[in-house]
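Colleague: First, the structure itself, so that you have it in front of you.
In the UniProt record's numbering, the protein residues as written are 1 to 323.
Below, the structure is given as structure tokens:
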């Protein structure tokens, strides 16, 4: 994290804590000395009248306790930007949580720590799983994808990895949702062959359509342009309005989507002649896409899962649209 964002987060966090303390002090005082305690404040709503009563002591004390707890926690543990806390704790430092900081470099060390009731950090658990299952993924990684897609056991493993890491966006059935591609059909922005799918998962994708395509298109042209796009996919349309929109399309939309509107997989530009729409194919949604543009990001998984697991997921994803 950059120093700017570290400072930004730290300052905002501290200001919130200080603000809560100040607000509590203000609410603990009688800010209307001309009105005695227990008397009406002159406000009522739906039969409920506001009285000049102080905050309950137990509530105030609990609030003070939470503020003190927050200050102590942020001093000891990470929470203020890049500040690691005085304890130097980390959930990803590959060590077993002991006072001596024993290095977890063997399965025996992990098992002994568990027997002694010591907590084991995330990376240690990952290492333990890799020691146990790593050879399976190595065998799969050594198998060409063309053969791996025919291995039912490998596809089961890929399916479980998909559910754990990919279903949050693409859905448990891989059919996606608005803004997230359906992986079960034959429509692929960047290509649906094995090599391209693996490249997409490994390195991620960044798709971006600028507002109005970055072209000198006036807002008054958008309805016609949307009508022309509807006509490309064979939808019912106003021929005269679509003809006007074609002129707008030829201002430069073809540079990405092609003269025939069939898209460009090298750029991730969608095919406008089919009925598959990532953000919706109604006229309203098409106009919205043209006017405001679209931005889509798929994160890279090579550093999270590693190439061996990505290899297995690739086979599974490919199988979804090639059954």
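The beta carbon of each residue, even a glycine, is placed where N, CA and C say it ideally should be.
(1) I want to check one thing, is the minimum distance from the CB of residue 316 to the heavy atoms of the ligand SAH below 7 angstroms?
(2) Where does residue 37 sit, in a helix, a strand or coil, going by DSSP?
(3) Hey, which unbroken runs of the beta strand (DSSP E) at 3 residues or more fall wholly within the UniProt domain "Cytochrome c" (153-233)?
(4) On the three-state DSSP scale, how would you describe residue 7?
(5) Whose C-alpha, out of 7, 266, 292 and 245, is nearest the C-alpha of residue 212?
(6) Going by other Cβ atoms of all chains shown within 10 Å of its Cβ, with 16 needed for buried, is residue 268 buried or exposed?
(7) Just the C-alpha distance for residue 99 and residue 89, rounded to the nearest angstrom, thanks.
(8) Relative to the C-alpha of residue 209, which residue among 278, 245 and 162 is closest?
(9) Does the Cβ-Cβ distance between residue 145 and residue 317 come in under 8 angstroms?
(10) With a threshold of 16 other CB atoms inside 10 Å of the CB of residue 301, please say whether the residue is buried or exposed.
(11) Check for me: the alpha helix (DSSP H) holding residue 51 runs from which residue to which?
(12) Once DSSP output is grouped into helix, strand and coil, what is the label at residue 311?
(13) My understanding is that residue 1 touches residue 81, with C-beta atoms under 8 angstroms, so please give their C-beta distance in whole angstroms.
(14) Thinking C-beta only, is residue 21 closer than 8 angstroms to residue 65?
(15) Judging by CA-CA distance, which residue of 166, 193 and 195 is the nearest neighbour of residue 181?
(16) Pull up the CB-CB distance for residue 241 and residue 223, whole angstroms please, since I reckon it's below 8 angstroms.
(17) First and last residue of the alpha helix (DSSP H) that includes residue 66?
(18) Helix, strand or coil, according to DSSP, for residue 42 in the structure here?
(19) How should residue 188 be labelled, buried or exposed, when 16 other C-beta atoms within 10 angstroms of its C-beta is the threshold for buried?
(20) Where does residue 80 sit, in a helix, a strand or coil, going by DSSP?
(21) What did DSSP end up calling residue 295 once you bin it into helix, strand or coil?
(22) Who are the near neighbours of residue 320 in its chain, counting only those whose CB is closer than 8 angstroms to its CB and skipping five residues on each side?
(23) Check residue 129 in the structure and name its three-state DSSP category.
(24) Taking C-beta to C-beta, are residue 263 and residue 270 nearer than 8 angstroms?
(25) Provide the residue(s) that pair with residue 269 in DSSP beta bridges, ordered along the chain.
(26) Comparing alpha-carbon positions, which option in 7, 229 and 246 lies nearest residue 276?
(27) To the nearest angstrom, how far is the alpha carbon of residue 10 from that of residue 79?
(28) Who are the near neighbours of residue 93 in its chain, counting only those whose CB is closer than 6 angstroms to its CB and skipping five residues on each side?
(29) Is it buried or exposed, residue 43, if we count other Cβ atoms within 10 angstroms and call 16 or more buried?
(30) If residue 41 and residue 35 are in contact, beta carbons under 8 angstroms, what's the gap, nearest whole angstrom?
(31) Can you tell which of 27, 37 and 73 has the C-alpha that lies nearest to the C-alpha of residue 13?
(32) Once you ignore the five residues that flank residue 194 on each side, which residues in its own chain have a CB closer than 6 angstroms to its CB?
(33) Locate the alpha helix (DSSP H) running through residue 240, then write down its first and last residues.
Modeller: Concretely, from the data shown:
(1) The ligand content of the structure shown is nil, which means the ligand SAH is not present either.
(2) Looking at residue 37 - three-state DSSP - the assignment turns out to be coil, as it is neither helix nor strand.
(3) Here the runs fully enclosed are 205-209.
(4) Residue 7 falls in the helix class under three-state DSSP.
(5) With distances taken between CA atoms, residue 212 lies nearest to 292 out of 7, 266, 292 and 245.
(6) Residue 268 is buried by the Cβ-count criterion.
(7) Any reading at residue 99 must be qualified, since the residue scores a pLDDT of 40, below 50, and its modelled position is unreliable; the value itself is stated next. Straight-line Cα distance between these residues: approximately 12 angstroms.
(8) Ranking the options by Cα distance to residue 209, first place goes to 278.
(9) Taking 8 angstroms as the Cβ cut-off, residue 145 and residue 317 do not qualify as a contacting pair.
(10) Residue burial is scored here from C-beta neighbours: residue 301 has at least 16 other C-beta atoms within 10 angstroms and is therefore classed as buried.
(11) Note, residue 51: premise wrong, no alpha helix (DSSP H); beta strand (DSSP E) at 48-51.
(12) In the structure shown, the three-state DSSP call for residue 311 is helix.
(13) Residue 81 and residue 1 do touch by the CB rule: their CB atoms are close to 6 angstroms apart, below 8 angstroms.
(14) Contact: no.
(15) When 166, 193 and 195 are compared, the shortest CA-CA separation from residue 181 is found for 166.
(16) Indeed, because the Cβ distance is near 7 angstroms, the residues count as touching under 8 angstroms.
(17) Unbroken alpha helix (DSSP H) run through residue 66: 57-76.
(18) Strand, per DSSP.
(19) Its Cβ being crowded by 16 or more others within 10 Å, residue 188 is buried.
(20) Strand at residue 80.
(21) Three-state result, residue 295: strand.
(22) Setting aside the 5 residues that flank it on each side, residue 320 is surrounded in the same chain by 174, 183 and 184, each with a C-beta closer than 8 angstroms to its C-beta; the list follows chain order.
(23) Residue 129 falls in the helix class under three-state DSSP.
(24) Taking C-beta atoms as the reference points, residue 263 and residue 270 count as a pair closer than 8 angstroms.
(25) In the DSSP assignment, residue 269 is bridged to 264.
(26) With distances taken between Cα atoms, residue 276 lies closest to 229.
(27) If I take the Cα positions, the gap works out to 8 angstroms.
(28) Low local confidence applies: a pLDDT of 48 at residue 93 is under 50, so the model's placement there is unreliable, with the coordinate-based value given in what follows. None.
(29) Only exposed fits residue 43, as fewer than 16 other CB atoms lie within 10 angstroms of its CB.
(30) Contact between residue 41 and residue 35 holds: CB atoms are separated by about 6 angstroms, below the 8 angstroms threshold.
(31) Of all alpha-carbon atoms in 27, 37 and 73, the one lying nearest the alpha-carbon of residue 13 is that of 73.
(32) For residue 194, where only same-chain residues beyond five positions count, the Cβ hits under 6 angstroms are 145 and 318.
(33) Element bounds for residue 240: 239-249.
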